[in-house]
Amino acid sequence: MKPLHTQLVKIALTATFISVHDGTSSVSAAEKKEQKQRVEPQFRHLYKTFGKNSNTRIHLTTGPKEVKMRNGGVPGKCWLAESGRYKFKLTIQDGVDVTVEQLIERLQKLPMPYMRACEVVSDEKEDGIAIYKTLGGAGAHGGKQYVNMTPGVKAIIIAHEMGHTLEQKAREADETIFEQWQSAIDADKISVSGYGDGALWEDLADFAKVYAACMDAGKEELNKLRKLAPARYTLWKRILEGN
147 MKPLHTQLVK IALTATFISV HDGTSSVSAA EKKEQKQRVE PQFRHLYKTF
197 GKNSNTRIHL TTGPKEVKMR NGGVPGKCWL AESGRYKFKL TIQDGVDVTV
247 EQLIERLQKL PMPYMRACEV VSDEKEDGIA IYKTLGGAGA HGGKQYVNMT
297 PGVKAIIIAH EMGHTLEQKA READETIFEQ WQSAIDADKI SVSGYGDGAL
347 WEDLADFAKV YAACMDAGKE ELNKLRKLAP ARYTLWKRIL EGN
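The sequence shown begins at 147 in this note's numbering and counts up one residue at a time.
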């Protein structure tokens, strides 16, 4: 007969295995439930190949020029660039281990209509798309005057920040955009994401992210998104195109 402590260890290990196994099953069930209740989880798999089908191309026209960057006045280098009809700035803080070519490669994963956000944040006193060493704990943030990111931020996250940029630009021309978006949420009767549930503007930005992924993936995914959230789909398309 085995010693008592050996038997107890075996029982404990068995109990641990059962507990972990049951936990995994419940998490899996929760994920499946979330996919039915929310939009974003149903398209999350597209993020892994985001940009694979993109035809967006960015070309440098001038630079680099030494500048003091908008966030904290830190020194950096600024280039002027263009993509189709859009002209904008690319700015990188000195000492950041990212080249302008690497930044361009990242941005080229985004669908062409999203390049309008680059132009929106490139006015005279703005930095365009900017990379900083740190943003005080945030990975990235976006608004009508900036799209800032830290070195490791992926293109799909930039799409979210550009959602904020284009939403704020749209509200300049139409102050009722948020009221319209709330009406779209009510009409769609589906959540975009848990993060988006926290604030109206985050719901919009996460939808912008999902829409970008679907644009890259093709018409089938776009049609699927439109069926899930038709009111948001129509309104975001207007915001994206500046209509």
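The C-beta atom is built at its ideal place from N, Cα and C for all residues, glycine as well.
(request) Whole angstroms is fine: what's the gap from residue 283's alpha carbon to residue 276's? (result) 16 Å
(request) Classify residue 307 as buried or exposed, calling it buried when 16 or more other Cβ atoms lie within 10 Å of its own Cβ. (result) buried
(request) Measuring alpha carbon to alpha carbon, tell me which of 216, 225, 188 ends up nearest residue 205. (result) 225
(request) Can you tell me the Cβ-Cβ gap for residue 327 and residue 312, rounded? I've got them flagged as a contact below 8 Å. (result) With 8 Å as the limit, residue 327 and residue 312 do not qualify as a contact, their Cβ atoms being about 12 Å apart.
(message) Given this structure, state the Cα-to-Cα distance separating residue 186 from residue 331, to the nearest angstrom.
(response) The C-alpha of residue 186 lies about 14 Å from the C-alpha of residue 331.
(message) If you follow the beta strand (DSSP E) that residue 278 is in, where does it begin and where does it stop?
(response) Premise fails: residue 278 is in no beta strand (DSSP E) and is neither H nor E.
(message) Please classify residue 322 as buried or exposed, where buried requires at least 16 neighbouring CB atoms within 10 angstroms.
(response) Exposed, by the Cβ-count rule.
(message) Quick check: what's the CA-CA separation for residue 183 versus residue 261?
(response) 31 Å
(request) Would you grab the beta carbon distance between residue 352 and residue 364 for me? Rounded to a whole angstrom, and I think it's under 8 Å. (result) Not confirmed; about 21 Å, so no contact.
(message) Could you check whether the stretch 293-310 touches the stretch 242-260, counting it as contact only if at least three pairs of C-beta atoms, one from each stretch, sit closer than 8 Å?
(response) yes
(request) Taking 8 Å as the threshold, find out whether the stretch 237-254 comes into contact with the stretch 192-203 through three or more Cβ pairs. (result) yes
(request) Check whether the Cβ atoms of residue 220 and residue 239 lie closer than 8 Å to each other. (result) yes
(request) Tell me whether residue 256 sits in a helix, a strand or coil according to DSSP, three-state version. (result) coil
(request) State the Cα-Cα distance for the pair residue 356 and residue 229, rounded to the nearest angstrom. (result) When rounded, the distance between both Cα atoms is 22 Å.
(message) Which of the three DSSP states is assigned to residue 235 in this structure?
(response) strand
(request) Assuming residue 266 and residue 237 form a contact by the criterion Cβ under 8 Å, report the distance between their Cβ atoms to the nearest whole angstrom. (result) About 15 Å; that fails the 8 Å criterion.
(request) Since I believe residue 210 is in contact with residue 244 (beta carbons under 8 Å), could you give me their beta-carbon distance rounded to a whole number of angstroms? (result) 13 Å between Cβ atoms; not a contact.
(message) On a Cα-Cα basis, can you pick out the residue from 309, 196, 333, 348 that is closest to residue 386?
(response) 309
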